[in-house]
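Heads up: the sequence lines are chains A and B, in that order. First residue of the first sequence: 3, per our numbering; consecutive thereafter. First residue of the second sequence: 8, per our numbering; consecutive thereafter. What follows is a short report on a single structure.
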Amino acid sequence: MKMITALVRPSKVDAVKTALVALEIIGMTVSDARGFGRQKGQVERYRGNEFTVDFLPKSKIVVVVIDDKVKPAIEAITKAARTGEIGDGKIFVTPVEDTIRIRTGESGEIAL
Amino acid sequence: MPPTFLSDGPPSVETTFDRFRLKVLAGVQDTQLRYYALILLAAGAGLLPLMAGSAHAALQKVPTDGADTLLMLMGSALVLLMTPGLAFFYGGFTRAKNVLNTMMMSFFLMGLIGVLWVVIGYSLSFGVGFKSPFIGGLEAMWLNGVGGPLGDQPLADGFSISATSFALFQGMFAIITPALISGALVERINFKAWFWFCLLWSIFIYCPLAHMVWGGGFLGPLGIGAIDFAGGTVVHIASGVAALVSAAIVGPRTGYPESVRPPHNVPYILLGAGLLWFGWFGFNGASYFAAKGAGLSFVTTSTSASAALLTWCLIEWFRDGKPTAVGAATGAVAGLVGITPAAGFVSVGSSVLIGAAVAAGCYIAVQFSGAGGSGGSAKSTLDESLDAFSVHGVGGTIGALLTGALAVKEMVPADYFPVSAKILEESGNFGLFIVQLKAVLVTYGFVAIGTTIILLIVKATVGLRVTPEDEERGLDFVCHGEEAYDPMTN
Numbered sequence: 003m004k005m006i007t008a009l010v011r012p013s014k015v016d017a018v019k020t021a022l023v024a025l026e027i028i029g030m031t032v033s034d035a036r037g038f039g040r041q042k043g044q045v046e047r048y049r050g051n052e053f054t055v056d057f058l059p060k061s062k063i064v065v066v067v068i069d070d071k072v073k074p075a076i077e078a079i080t081k082a083a084r085t086g087e088i089g090d091g092k093i094f095v096t097p098v099e100d101t102i103r104i105r106t107g108e109s110g111e112i113a114l
Numbered sequence: 008m009p010p011t012f013l014s015d016g017p018p019s020v021e022t023t024f025d026r027f028r029l030k031v032l033a034g035v036q037d038t039q040l041r042y043y044a045l046i047l048l049a050a051g052a053g054l055l056p057l058m059a060g061s062a063h064a065a066l067q068k069v070p071t072d073g074a075d076t077l078l079m080l081m082g083s084a085l086v087l088l089m090t091p092g093l094a095f096f097y098g099g100f101t102r103a104k105n106v107l108n109t110m111m112m113s114f115f116l117m118g119l120i121g122v123l124w125v126v127i128g129y130s131l132s133f134g135v136g137f138k139s140p141f142i143g144g145l146e147a148m149w150l151n152g153v154g155g156p157l158g159d160q161p162l163a164d165g166f167s168i169s170a171t172s173f174a175l176f177q178g179m180f181a182i183i184t185p186a187l188i189s190g191a192l193v194e195r196i197n198f199k200a201w202f203w204f205c206l207l208w209s210i211f212i213y214c215p216l217a218h219m220v221w222g223g224g225f226l227g228p229l230g231i232g233a234i235d236f237a238g239g240t241v242v243h244i245a246s247g248v249a250a251l252v253s254a255a256i257v258g259p260r261t262g263y264p265e266s267v268r269p270p271h272n273v274p275y276i277l278l279g280a281g282l283l284w285f286g287w288f289g290f291n292g293a294s295y296f297a298a299k300g301a302g303l304s305f306v307t308t309s310t311s312a313s314a315a316l317l318t319w320c321l322i323e324w325f326r327d328g329k330p331t332a333v334g335a336a337t338g339a340v341a342g343l344v345g346i347t348p349a350a351g352f353v354s355v356g357s358s359v360l361i362g363a364a365v366a367a368g369c370y371i372a373v374q375f376s377g378a379g380g381s382g383g384s385a386k387s388t389l390d391e392s393l394d395a396f397s398v399h400g401v402g403g404t405i406g407a408l409l410t411g412a413l414a415v416k417e418m419v420p421a422d423y424f425p426v427s428a429k430i431l432e433e434s435g436n437f438g439l440f441i442v443q444l445k446a447v448l449v450t451y452g453f454v455a456i457g458t459t460i461i462l463l464i465v466k467a468t469v470g471l472r473v474t475p476e477d478e479e480r481g482l483d484f485v486c487h488g489e490e491a492y493d494p495m496t497n
């Protein structure tokens, strides 16, 4: 099992979800996030005040998949979230030791 | 000047045009009548021909008129709504952790000043008991005797609005004026200090100023002759100057200017500006005091705001490439401030000019006061947080001066504005401009000194600021024990 953490543009969340569901990956967690990479911040003006906003809104999608699906999932996310401009986001993959379904107590891949 | 609407508007002296309660109020008192007559004789001899048949019409008793009184009651409701509108306008600009405190600084005054006004404020502003050109009296405390036993008697000779509707209407102005000052003090002042500051400021600054300009005092149309239709001087210059002085005395927010954040909720700012514009129809429009002619002040109010909004956005568009929502909201408010002293005295064309001029002036002012602006080293010590001076002070000043330059003679009838009409007749708009300038300077001086004294007293007794730790925690919790937005309450 691997955990895939994808930081994407908020406007791409739906597209990513659809692409993952199409691979029969069901279940994921999405949260609002703020951050910056190469995109850096943006300049905003309010009356006489000028602000450089460093942290831009992103969505953080977390999904845990079996090893066989890691590669297709990454491809699906990349394809769905890409615009080609700076600021498209990043994907991190980390190993997962175990998964437990709270309702039944089942563990391992069956609990995914 | 299209004579068409004039023919049935202001010159219908028999009903009411006015605003200048001073004479009116004075008219009901015998002693005051004599005072009046003296002033009229002294100042008005030369304008008898001008006043022609209307001279005594103004002082004739007219019955209370239902439509005119209803205008005042509707106007009172509209002006009241400006205070929560201002709360949203200011609340949108602050950090999320301070939004409730910021909004309470306005909203709370509907309680505090609402009571104070009835108890003593009205009497100090529009009473005549002290026979002073600077302050009213105590005879109308608790609105004693206002409007007769049933509250339906006219305000004064020449006025067909009921005295009670006038007292309520004026109370709404008294509420919003200190609320405007809060823009300079948000995110750091202790709420107890705000309570005492507003109480003292209202009694010792607002009431005397209202008396001087509107209550028959020395700045108004019976004094040096300055005209102020709905409060450019009394409300906007006064609150703007007080804001500037308090920002300097209370000091900047901790970490300013680096710590300044963008507005936490721009839609609130637009909501607030919309409510302010809506309420301003009462503020300026109903200040006409007569339903028949009020169309003029309603129109000028709205056209000035439109012109200012447009001007502000066009400046931004040319300069930065994008018109902003905050700019549109600020421009509209600036235009409303600018037309306030002029609304019933100028043509519709002039109102567009005033709106555009005020927007340009206030735009320049906020560039200097902004944290990222051009104010140089001053910007790190003077934290005029929400631009109360740059919009209300600067806008009110430009508006008051342009009122002198653009007032139309026929709209400043001598029976209600004897000294002002005489000045217009004898030395034209330039003469009135000079008088307006004097009134502006007197207001700046009086408000700046008075506000300083009050703040120093409050500082020495209850203290002005919360601690830097409390600032960091957020004033919503520290001052009120509440949070506006709690993600865990779903």
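Quick reminder that beta carbons are idealized off the backbone N, C-alpha and C, glycines included.
Below the 8 Å Cβ cutoff, chain B contributes no neighbours of residue 94 of chain A, its closest Cβ being approximately 25 Å away.
Cβ neighbours of residue 93 of chain A within its own chain (closer than 8 Å, five residues either side excluded): 6, 7, 8, 9, 76, 79, 80. In its chain, beyond the 5 residues on either side, 347, 348, 403, 406, 407 have a beta carbon closer than 6 Å to the beta carbon of residue 239 of chain B.
Annotation: residue 453 of chain B to residue 71 of chain B spans about 36 Å, alpha carbon to alpha carbon. DSSP, read as helix, strand or coil, puts residue 98 of chain A in coil. In chain A, no part has a C-beta under 8 Å from the C-beta of residue 422 of chain B; the shortest such distance is about 43 Å.
In this model, residue 23 of chain A and residue 106 of chain B are separated by some 41 Å (Cα to Cα). Checking the DSSP bridge columns, you'll see residue 44 of chain A partnered with A:55. At a cut-off of 7 Å between beta carbons, residue 99 of chain A makes no contact with chain B.
Residue pairing by DSSP leaves residue 138 of chain B without any beta bridge partner. Contacts between residue 309 of chain B and chain A, judged by CB atoms closer than 8 Å, are missing: the closest CB pair is about 23 Å apart.
Taking each of B:110, B:144, B:115, B:114 in turn and checking the Cα distance to residue 126 of chain B, the smallest one comes out for B:144. The beta-bridge partner set that DSSP reports for residue 36 of chain A consists of A:59.
Classified as exposed, residue 468 of chain B has fewer than 16 neighbouring CB atoms from the shown chains inside 10 Å of its CB.
Within the same chain, Cβ atoms closer than 6 Å to the Cβ of residue 295 of chain B are found at 301, 304, 351, the five residues on either side in sequence being excluded.
Distance from the CA atom of residue 198 of chain B to the CA atom of residue 50 of chain A, rounded to whole angstroms, is 28 Å. Pairing residue 337 of chain B with residue 331 of chain B, the inter-Cα distance amounts to about 10 Å. It is roughly 10 Å from the alpha-carbon of residue 216 of chain B to the alpha-carbon of residue 140 of chain B. Bounds of any beta strand (DSSP E) do not take in residue 89 of chain B; it lies within the alpha helix (DSSP H) bounded by 73–100. Note: residue 5 of chain A is bridge-paired with A:66, A:96 in the DSSP secondary-structure output. Put simply, the CB of residue 36 of chain A is far from chain B, with every gap to its CB atoms at 7 Å or more.
Within the same chain, and ignoring the five residues on either side of residue 179 of chain B in sequence, the residues whose Cβ sits closer than 6 Å to its Cβ are 83, 86, 87. Scanning the segment 180–260 of chain B for uninterrupted alpha helix (DSSP H) segments of 4 residues or longer gives 198–208, 214–220, 245–257, listed from N- to C-terminal end.
Taking the CA atoms as reference points, residue 119 of chain B sits about 31 Å from residue 298 of chain B.
The three-state secondary structure of residue 415 of chain B, taken from DSSP, is coil. Within chain A, the residues placing a beta-carbon under 8 Å from that of residue 394 of chain B are 49, 50, ordered along the chain. Nearest to residue 84 of chain A by C-alpha distance, out of A:13, A:3, A:4, is A:13. Contact check for residue 287 of chain B against residue 310 of chain B fails: the beta carbons are separated by 7 Å or more. The segment 212–226 of chain B makes contact with the segment 240–247 of chain B: 3 or more CB pairs, one atom from each, lie closer than 8 Å.
Against chain B, the CB of residue 57 of chain A has no partner CB under 7 Å away; the residue lies outside that interface. In this structure, residue 97 of chain B sits near residue 190 of chain B, with a CB-CB distance shorter than 7 Å. DSSP, read as helix, strand or coil, puts residue 109 of chain A in strand. In the same chain as residue 55 of chain A, and ignoring 5 residues on each side of it, the C-beta atoms closer than 8 Å to its own belong to 43, 44, 45, 46, in chain order. Residue 169 of chain B has B:161 as its beta-bridge partners, per DSSP.
For residue 265 of chain B, there is no enclosing alpha helix (DSSP H), since its DSSP letter is neither H nor E. Proximity of residue 111 of chain A to chain B, defined by a Cβ-Cβ separation below 7 Å, is not satisfied.
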